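Worksheet: the structure to be examined is printed underneath.
There are 2 protein chains.
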Amino acid sequence: MVQYYPAHFDASFGALSDATRRGVLEQLGRADASITALAERFQMTLTGMKKHVGVLEQAGLVSTEKVGRVRTCRLGLRGLEEEAAWIEGYRQLWAARFDQLDLVVEELKQREKANGRKKRK
Amino acid sequence: MVQYYPAHFDASFGALSDATRRGVLEQLGRADASITALAERFQMTLTGMKKHVGVLEQAGLVSTEKVGRVRTCRLGLRGLEEEAAWIEGYRQLWAARFDQLDLVVEELKQREKANGRKKRK
DNA sequence: TGTATACTGAACCACATGGTTCAGTATTAT
DNA sequence: ATAATACTGAACCATGTGGTTCAGTATACA
Chain V
0 MVQYYPAHFD ASFGALSDAT RRGVLEQLGR ADASITALAE RFQMTLTGMK
50 KHVGVLEQAG LVSTEKVGRV RTCRLGLRGL EEEAAWIEGY RQLWAARFDQ
100 LDLVVEELKQ REKANGRKKR K
Chain W
0 MVQYYPAHFD ASFGALSDAT RRGVLEQLGR ADASITALAE RFQMTLTGMK
50 KHVGVLEQAG LVSTEKVGRV RTCRLGLRGL EEEAAWIEGY RQLWAARFDQ
100 LDLVVEELKQ REKANGRKKR K
C-alpha cells in the first residue's frame, strides 16, 4: 500500500514544484555549477538563485561546497528514489481504481442486456 | 533529455508537497469520498478540506461532482504519468552523474598508482 | 595596495498557503 | 413546515514563497 508519511516528501515535492528549480537540477545533472553561473543561466539575481539552491539543499537534492570565493553546487546524494516509488505506488492504485470502474461499467452492460432480454420476452 | 517546461508540473508537484493531500489521493484510491468524509478522516474543517480538494482538482489529480447536497470526490483522469517520467529521467541523469564521478575517482586511483610507481622508481 | 569578483544577509514586497470562523444556501428527512 | 445535513464563500490570520535591492565581507588579481 502507498504510504504518505515520509516527512521529507513535503520538502522534495515542494522543491520540484518550481520550474527554475527543476531546471537547476537538470543543469547540475550535466555539470556542477557556481551560484553565479546558475543565476546567469536562469536570468536571476545571485540572491534569488541562492534561495532556490537553498531550497534544493534543504530537500537533500543538491549539495554545495564553498572553495575560495565560489560556491560550487552539485547533485546531492538523494536521487528521488522514494518519491519515484511513491508515485509508482499511486499509479498502481490509480490504474486499479479505473479497472474497477471498467468492471462496474461491464456489469451495467450485462445487466442492461439481461433487462433487454426480459423486456423482449 | 529531461525537460522541465510542462506548466502543470508546478501544480501537480505542488499538490503532492502536502501530506494531507497525498493522504487524500491514497484515500480516493481506495474509494470515492465526500468532502465531509475526507474532512473527518483528516481532522479538518469542511472548508479546509474543500481547499485541499480544490488544489488537487486544479492539478487535474481529482475530479468532483455534486449530486444533491453532497459533492463526491474521485481520482481524476490524470495519473501522474508525466511526473513519473520526469523523475525517471532525472534519476538516470543522477545515476549517470555518479557513474561519471566513479570514473573520475577510478582515474585518480590509476594516476596515484602511476605516481606511486614513478616515485618508487 | 587597490580593485574587481563572488557570494551573503537583512529588509522589503506582493501574493500564495494552510488553516480557521462565521454566516449563509440548498437538500433531505421528519 | 421544520430541522438537520452538506456544502459554500468571504474574511481573517500567521507564515512561506519568489523575487528584488542594498550594503556588506571575503577572496583573487594586478
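Residue numbers (numbering that gives the first Met the number 0), protein chains in the order written: chain V, 0 to 120; chain W, 0 to 120.
Ideal Cβ placement from N, Cα and C applies to all residues, glycine included.
It should be emphasised that the depicted structure is a prediction, and the values quoted were computed from it without experimental measurement.
Do you know how far the Cα of Phe-12 of chain V is from the Cα of Phe-12 of chain W?
Answer to the nearest angstrom: the Cα atoms are 5 Å apart.
Cα separation between Leu-27 of chain V and Arg-90 of chain V?
If you draw a straight line from the Cα of Leu-27 of chain V to the Cα of Arg-90 of chain V, it is about 28 Å long.
What residue from W:Arg-77, W:Val-54 and W:Ser-62 has the CA that sits closest to Ala-32 of chain W's CA?
Closest by alpha carbon: W:Ser-62.
Pick out whichever of W:Arg-21, W:Arg-40, W:Lys-49 and W:Ala-14 has its Cα sitting closest to the Cα of Trp-85 of chain V.
Distance check between Trp-85 of chain V and each of W:Arg-21, W:Arg-40, W:Lys-49 and W:Ala-14 places W:Arg-21 closest, using alpha-carbon atoms only.
Flag Phe-41 of chain V as yes if its beta-carbon sits less than 8 Å from any beta-carbon of chain W, otherwise no.
Against chain W, the CB of Phe-41 of chain V has no partner CB under 8 Å away; the residue lies outside that interface.
Does Ser-16 of chain V have its Cβ less than 8 Å from a Cβ in chain W?
Cβ-Cβ to chain W under 8 Å: yes for Ser-16 of chain V.
Mind checking if Glu-64 of chain V is an interface residue toward chain W, Cβ cutoff 8 Å exclusive?
Output row for Glu-64 of chain V: interface = no.
Comparing alpha-carbon positions, which option in W:Leu-24, W:Cys-72, W:Val-66 and W:Ala-94 lies nearest Gly-78 of chain V?
Nearest C-alpha to Gly-78 of chain V: W:Ala-94.
So that I know if they touch, is there some Cβ in chain V lying closer than 8 Å to that of Arg-96 of chain W?
Between Arg-96 of chain W and chain V, the shortest Cβ-Cβ separation is below 8 Å.
Hey, out of W:Ala-18, W:Phe-8, W:Gln-99 and W:Asp-9, whose CA is closest to His-51 of chain W's CA?
Closest option to His-51 of chain W, Cα to Cα, is W:Ala-18.
Apart from the five residues just before and just after Thr-71 of chain W, which ones in its own chain have a Cβ nearer than 8 Å to its Cβ?
Non-local C-beta neighbours of Thr-71 of chain W in its own chain, meaning closer than 8 Å and more than five positions away in sequence, comprise Asp-31, Ala-32, Ser-33, Thr-63, Glu-64 and Lys-65, ordered along the chain.
What three-state label does DSSP hand Thr-46 of chain W in the structure shown?
Residue state for Thr-46 of chain W is assigned as helix, using DSSP reduced to three classes.
Exposed or buried, Gly-53 of chain V, counting other C-beta atoms within 10 Å across all chains shown (16 or more means buried)?
Flag for Gly-53 of chain V reads exposed.
Quick check: what's the CA-CA separation for Met-43 of chain V versus Pro-5 of chain W?
When rounded, the distance between both Cα atoms is 21 Å.
Does Glu-68 of chain W get closer than 8 Å to chain V when you measure Cβ to Cβ?
The sequence as given places Arg at residue 68 of chain W; Glu does not occur at that position. Not closer than 8 Å to any Cβ of chain V, the Cβ of Arg-68 of chain W fails to qualify, so no.
Continuous alpha helix (DSSP H) stretch holding Leu-24 of chain W: start and end
Where Leu-24 of chain W is concerned, the enclosing alpha helix (DSSP H) stretches over 18-29.
Mind reading off the beta-carbon distance from Thr-35 of chain V to Leu-24 of chain V? Whole number of angstroms is fine, and I expect it under 8 Å.
Rounded to the nearest angstrom, the Cβ distance from Thr-35 of chain V to Leu-24 of chain V is 18 Å, too far for a contact under 8 Å.
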